[in-house]
Amino acid sequence: MSIREIREILAREGLRPLRRLGQNFLHDRNMARWIVDSALGGLSFPWHIWEVGPGLGVLTQLLLGKGAEVRAIEIDRGLAGILRDRFRGEDRFHLFEGDVLRAEWPEPALDWVLVGNLPYSISGPFLASLFRRRASFRRIVVTLQLEVAERLVATPGHSSFGSLSVMGQTSFRIEIRKRLPPSVFYPMPKVDSAVVCLEPLETVLVSGEDREGFCAFVRRGFLHRRKCLGKKLGYEERRRPEELGVDEWVEIWQSLRG
Numbered sequence: 058m059s060i061r062e063i064r065e066i067l068a069r070e071g072l073r074p075l076r077r078l079g080q081n082f083l084h085d086r087n088m089a090r091w092i093v094d095s096a097l098g099g100l101s102f103p104w105h106i107w108e109v110g111p112g113l114g115v116l117t118q119l120l121l122g123k124g125a126e127v128r129a130i131e132i133d134r135g136l137a138g139i140l141r142d143r144f145r146g147e148d149r150f151h152l153f154e155g156d157v158l159r160a161e162w163p164e165p166a167l168d169w170v171l172v173g174n175l176p177y178s179i180s181g182p183f184l185a186s187l188f189r190r191r192a193s194f195r196r197i198v199v200t201l202q203l204e205v206a207e208r209l210v211a212t213p214g215h216s217s218f219g220s221l222s223v224m225g226q227t228s229f230r231i232e233i234r235k236r237l238p239p240s241v242f243y244p245m246p247k248v249d250s251a252v253v254c255l256e257p258l259e260t261v262l263v264s265g266e267d268r269e270g271f272c273a274f275v276r277r278g279f280l281h282r283r284k285c286l287g288k289k290l291g292y293e294e295r296r297r298p299e300e301l302g303v304d305e306w307v308e309i310w311q312s313l314r315g
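When the letters of the sequence shown are read in order and numbered with the working numbering, they come out as residues 58 to 315.
Dropping the structure here:
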């Protein structure tokens with residue numbers, strides 16, 4: 058979908074990109090195809106997809122064209138109307154209008170894949186909500202701002218290493234697959250973006266029933282990055298939170314719980 062087509066569709070419906078929702082529409086066709094191939098590659102058919110922030114349906118159309126079943130969540134009422142019209146009669150497309158931060162995610166039986174161009178305004182909170190529950194996806198492929206992507210893959214001692222790093226890396230293998238320039242979006246964001254792939258770890262470091270408590274513990278530990286953990290969490294060693302590895306965070310959590 059070209060920039061001209063995006064503008065025409067929005068103008069016809071009396072809509073415009075909403076900054077408060079972080080709306081930046083992907084218009085690069087090759088990049089859209091690459092994202093879909095990254096989401097589905099190596100996974101057995103049938104594919105069951107949750108798509109976050111489908112926008113005008115660029116990824117949606119490609120996913121449906123591959124034979125996938127797509128459940129899309131869109132908060133913008135105007136865009137939801139466009140999607141209903143565009144995919145009317147498509148029985149493998151299911152649209153849910155609402156806030157993805159309040160979504161109830163699937164049970165593991167169907168091995169869902171999550172795909173989406175995450176609105177910049179919610180990418181951090183959205184991923185944190187998935188990590189707290191270790192939501193049941195066999196793969197997550199999302200586009201988000203580069204700064205958040207770097208936090209996800211950061212290692213101890215790096216300035217980007219924080220609570221999101223620890224929460225994510227205790228549940229998923231995380232990889233930045235591609236860096237995207239602002240020019241592939243309309244309107245162009247002011248920052249670079251990245252496509253990130255997350256796949257569940259085979260060995261669970263923190264079990265599902267303990268995820269909420271563990272994530273709250275980690276967030277509290279990073280509230281004041283320059284203070285030593287011993288002052289905040291009752292940990293004997295005086296080390297700063299960004300100096301501890303993911304395994305050490307799990308060990309501390311388990312030891313303090315007794």
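Even glycine gets a Cβ: it sits at the ideal position worked out from N, Cα and C. Fair warning: this is a prediction, and the values are worked out from it, not measured in the lab.
Identify whether residue i lies in helix, strand or coil by the three-state DSSP scheme.
{"i": "Thr-227", "result": "coil"}
{"i": "Leu-184", "result": "helix"}
{"i": "Leu-280", "result": "coil"}
{"i": "Ala-89", "result": "helix"}
{"i": "Thr-117", "result": "helix"}
{"i": "Ala-137", "result": "helix"}
{"i": "Pro-238", "result": "coil"}
{"i": "Ile-63", "result": "helix"}
{"i": "Gly-316", "result": "Not covered by the structure: residue 316. The range shown for the chain is 58 to 315."}
{"i": "Arg-350", "result": "A query on residue 350 cannot be resolved here, the shown segment of the chain reaching from 58 to 315 and no further."}
{"i": "Ser-264", "result": "coil"}
{"i": "Gly-173", "result": "strand"}
{"i": "Arg-297", "result": "coil"}
{"i": "Phe-218", "result": "coil"}
{"i": "Val-248", "result": "coil"}
{"i": "Gln-311", "result": "helix"}
{"i": "Leu-201", "result": "strand"}
{"i": "Phe-274", "result": "helix"}
{"i": "Glu-305", "result": "helix"}
{"i": "Arg-195", "result": "strand"}
{"i": "Glu-207", "result": "helix"}
{"i": "Ala-125", "result": "coil"}
{"i": "Glu-259", "result": "coil"}
Am I right that residue i and residue j are in contact with their C-beta atoms under 8 Å? What's the rounded C-beta distance?
{"i": "Leu-221", "j": "Ala-185", "result": "6 Å"}
{"i": "Pro-176", "j": "Gly-79", "result": "3 Å"}
Once the 5 residues before and after residue i are set aside, which same chain residues still bring their CB inside 8 Å of it?
{"i": "Ser-59", "result": "His-84"}
{"i": "Val-93", "result": "Leu-116, Leu-119, Leu-120, Lys-123 and Val-172"}
{"i": "Trp-104", "result": "Leu-97, Leu-120, Lys-123, Gly-124, Ala-125, Glu-126 and Val-170"}
{"i": "Ala-211", "result": "Ser-217, Phe-218, Gly-219 and Ser-222"}
{"i": "Gly-138", "result": "Glu-70"}
{"i": "Arg-134", "result": "Glu-154"}
{"i": "Ile-63", "result": "Phe-82, His-84, Leu-113 and Tyr-243"}
Which term fits residue i, buried or exposed, when burial requires 16 or more other beta carbons within 10 angstroms of its beta carbon?
{"i": "Gly-110", "result": "buried"}
{"i": "Glu-259", "result": "exposed"}
{"i": "Ser-250", "result": "buried"}
{"i": "Phe-102", "result": "exposed"}
{"i": "Leu-100", "result": "exposed"}
{"i": "Gly-112", "result": "buried"}
{"i": "Leu-313", "result": "exposed"}
{"i": "Leu-280", "result": "exposed"}
With a Cβ-Cβ cutoff of 7 Å, do residue i and residue j count as a contact?
{"i": "Pro-238", "j": "Pro-246", "result": "no"}
{"i": "Val-253", "j": "Val-303", "result": "no"}
{"i": "Trp-81", "j": "Phe-242", "result": "The residue you asked about is not Trp; residue 81 is Asn in the sequence shown. Yes. Within cutoff."}
{"i": "Pro-298", "j": "Gly-278", "result": "yes"}
{"i": "Ile-233", "j": "Ala-206", "result": "yes"}
{"i": "Leu-255", "j": "Ile-231", "result": "yes"}
{"i": "Leu-67", "j": "Arg-76", "result": "no"}
{"i": "Gly-225", "j": "Phe-188", "result": "yes"}
{"i": "Gly-114", "j": "Arg-145", "result": "no"}
{"i": "Ile-130", "j": "Val-157", "result": "yes"}
Which residues in the same chain as residue i place their Cβ atom closer than 7 Å to its Cβ, once the five residues preceding and following it in sequence are excluded?
{"i": "Val-263", "result": "Thr-227, Phe-271 and Val-307"}
{"i": "Glu-147", "result": "Leu-121"}
{"i": "Leu-301", "result": "Pro-213"}
{"i": "Arg-276", "result": "Ser-220"}
{"i": "Ala-160", "result": "Ile-130"}
Excluding sequence positions up to five away, which residues of its chain have a Cβ less than 6 Å from the Cβ of residue i?
{"i": "Arg-128", "result": "Trp-107 and His-151"}
{"i": "Lys-235", "result": "Val-252"}
{"i": "Glu-269", "result": "Arg-189"}
{"i": "Asp-168", "result": "Arg-195"}
Tell me whether residue i, by its Cβ, gets closer than 6 Å to a heavy atom of the ligand FMN.
{"i": "Phe-242", "result": "The model on display carries no ligand, and the ligand FMN is accordingly not part of it."}
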